[in-house]
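To start, the structure itself, in structure tokens.
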Amino acid sequence: MAFQFSVAARNAAIDAIETTIGTAPTLEIRSGSVPANAAAADSGTLLASMTLPSDWLAAASSGSKTLLGTWQDASADATGTAGHFRIKVSGTCHIQGTVTATGGGGDMTLDNTSIASGQQVTITSFTLTAGGA
0 MAFQFSVAAR NAAIDAIETT IGTAPTLEIR SGSVPANAAA ADSGTLLASM TLPSDWLAAA
60 SSGSKTLLGT WQDASADATG TAGHFRIKVS GTCHIQGTVT ATGGGGDMTL DNTSIASGQQ
120 VTITSFTLTA GGA
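Using numbering that gives the first Met the number 0, the letters of the sequence shown correspond one by one to residues 0 to 132.
Below, the structure written as structure tokens:
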């Protein structure tokens, strides 16, 4: 049987992730597949990069945290199809996952995954969920 945790323990775990990463991390939207793990080198083309709000995740609820504030890049860095994201602090990746258009089921959703250099890129959904429900 897999471990199971109370909602309070799951909320504390997910709060600890945000605390460890800290305020205003950098979000990178990249083309291609997600690297093998968060310690692996960047892959794909950097399409968009943005500094997230200082308080970037909502309060934990039922073992999950959702994006807080506006996650947006006013001017994309390159042209391509978004495939994954990385959340970093001082160049170190702490969270990574898939990117899809709204309704596509990715770990993070964008208003449009076909990005053109100079266009605005907006994150429409992101939820970080602790395991062990």
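Glycine is no exception: its CB is placed at the ideal position from the N, C-alpha and C atoms.
- Its Cα nearest to that of Thr128, the residue Gly96 stands out among Thr80, Leu109, Gly21 and Gly96.
- Comparing C-alpha distances from Ile122 to each of Ala132, Ala59, Leu109 and Thr50 shows the shortest one belongs to Leu109.
- Taking a 10 Å sphere around the C-beta of Asn10, we find 16 or more other C-beta atoms and assign the residue as buried.
- Distance from the CA of Ala75 to the CA of Phe4, rounded to the nearest whole angstrom, comes to 40 Å.
- If you check the CB distance, Gln71 and Gln118 do not come in under 8 Å.
- With fewer than 16 other Cβ atoms from the protein chains shown falling within 10 Å of its own Cβ, Phe2 counts as exposed.
- Scanning its chain for C-beta atoms nearer than 7 Å, with the 5 sequence neighbours on each side dropped, one finds around Thr50 the residues Ala23 and Thr25, in chain order.
- Under DSSP, Thr112 shares a beta bridge with no residue.
- When rounded, the separation of the alpha-carbon atoms in Thr112 and Leu45 is 13 Å.
- The shortest C-alpha to C-alpha distance from Gly82 to any of Ala58, Trp55, Ala38 and Ile114 is the one to Ile114.
- Contact between Gly21 and Gly31 fails: their C-beta atoms lie close to 27 Å from each other, not under 8 Å.
- Separation of the CB atoms of Glu27 and Lys87 is rounded to 7 Å, and the pair is thereby assigned contact status at 8 Å.
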